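Here's the structure we're looking at; comments come further down.
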Amino acid sequence: MDATELLLTRQSCPRLIAPAPDEAQLKVILDAGARVPDHGGLSPWEFIIAQGEGLNRLGDIFSQAVTENGADEAKQAKAKSMPLRAPMVIVVVAKPQPHGKVPEFEQLIAAGCSTMAMQQAAFALGLGGIWRTGELAFDKRVHRSLDLSDADQIVGFLYLGTQAIKAPLKPGKSGSEFARYL
């Protein structure tokens, strides 16, 4: 598949099974995440990888956060199982740094570009993935449990694995619908 086809046929894969990306594939995925537009060369991101027992630890973090927020047992159980929807989850964190020429907004976008690049790399390798956020991405308890600073922001939970089923391609929108000329 060439790059244009990859971009034009991209779609999220919510049903993911083992195997997760292997070591060589993960290196490619992480390298793609680090090779994005990055004004100032700040690399304002961190990739926290959860697989195997790490998925259970992430589930415990999620469950504890919703418990402390007053969730009932059903929501606690759901939160605990969320990371288990894929054999690997990469928590993508924006780590903005004070810089006179690079505003925080640009650094957040760069971290978002990292997430997209990693997902596209996974697709190029024949894997599946889905970029999720949700309330736990913004929960300060989750941030503390992941040793994030107050300035850090989770831009996504990138779930990766093998597609359980190959979903038919959803109809895409034409970019010209969103374009205008001056």
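So the sequence shown is residues 1 to 182, counted in UniProt numbering.
Ideal placement from N, C-alpha and C gives every residue a C-beta, glycine not left out.
Note that this is a predicted model, so its numbers are computed, not measured.
What do you reckon, are the CB atoms on residue i and residue j nearer than 8 Å?
i, j, result
"A110", "P168", "no"
"T101", "G40", "The sequence as given places Lys at residue 101; Thr does not occur at that position. Their beta carbons are under 8 Å apart, which means K101 touches G40 by this criterion."
"F62", "L136", "yes"
"L16", "A86", "yes"
"I49", "M82", "no"
"W131", "L160", "no"
"G59", "L84", "yes"
"K170", "Q11", "yes"
"I29", "V93", "no"
"A164", "M1", "no"
For residue i, which beta-bridge partners are listed by DSSP?
i, result
"Q51", "M88"
"residue 184", "This structure cannot speak to residue 184, because the chain is shown only from 1 to 182."
"L16", "Q163"
Go to residue i, then tell me how far its beta strand (DSSP E) extends in each direction, as first and last residue.
i, result
"L163", "A small correction: the amino acid at residue 163 is Gln; Leu does not occupy that position in the sequence shown. Note, Q163: beta strand (DSSP E), Q153 to Q163."
"G128", "G128 to R132"
Considering Cα atoms alone, identify which of the options is closest to residue i.
i, options, result
"C13", "T162, K173, R180 and G172", "T162"
"D127", "L8, E5, M1 and A20", "Here residue 127 turns out to be Leu, not Asp, going by the sequence shown. Taking only the C-alpha atoms, the option nearest L127 is A20."
"A151", "K166, Q107, G129 and K173", "Q107"
"Q51", "F105, K140 and E23", "E23"
"P65", "I165, G175, V155 and R144", "Note that residue 65 corresponds to Ala in the displayed sequence, not to Pro. Considering only alpha carbons, the answer is R144."
"E68", "K27, M1, R141 and S114", "R141"
"G175", "K27, L7, I90 and P98", "L7"
"F47", "N56, R57 and D31", "D31"
"G134", "E177, T4, S114 and G156", "G156"
"L26", "G129, E177 and I165", "G129"
"L42", "E177, F178, E73 and E104", "E104"
"P37", "L146, M116 and F138", "M116"
"V91", "A74, A71, L146 and A18", "L146"
What are the boundary residues of the alpha helix (DSSP H) that includes residue i?
i, result
"R144", "K140 to S145"
"T115", "E104 to A124"
"A74", "E73 to S81"
"K27", "E23 to G33"
- request: Would you check if there are 3 or more beta carbon pairs closer than 8 Å linking the region 120-134 to the region 70-81?
  value: With a cut-off of 8 Å, the region 70-81 and the region 120-134 do not count as touching, because too few Cβ pairs lie within range.
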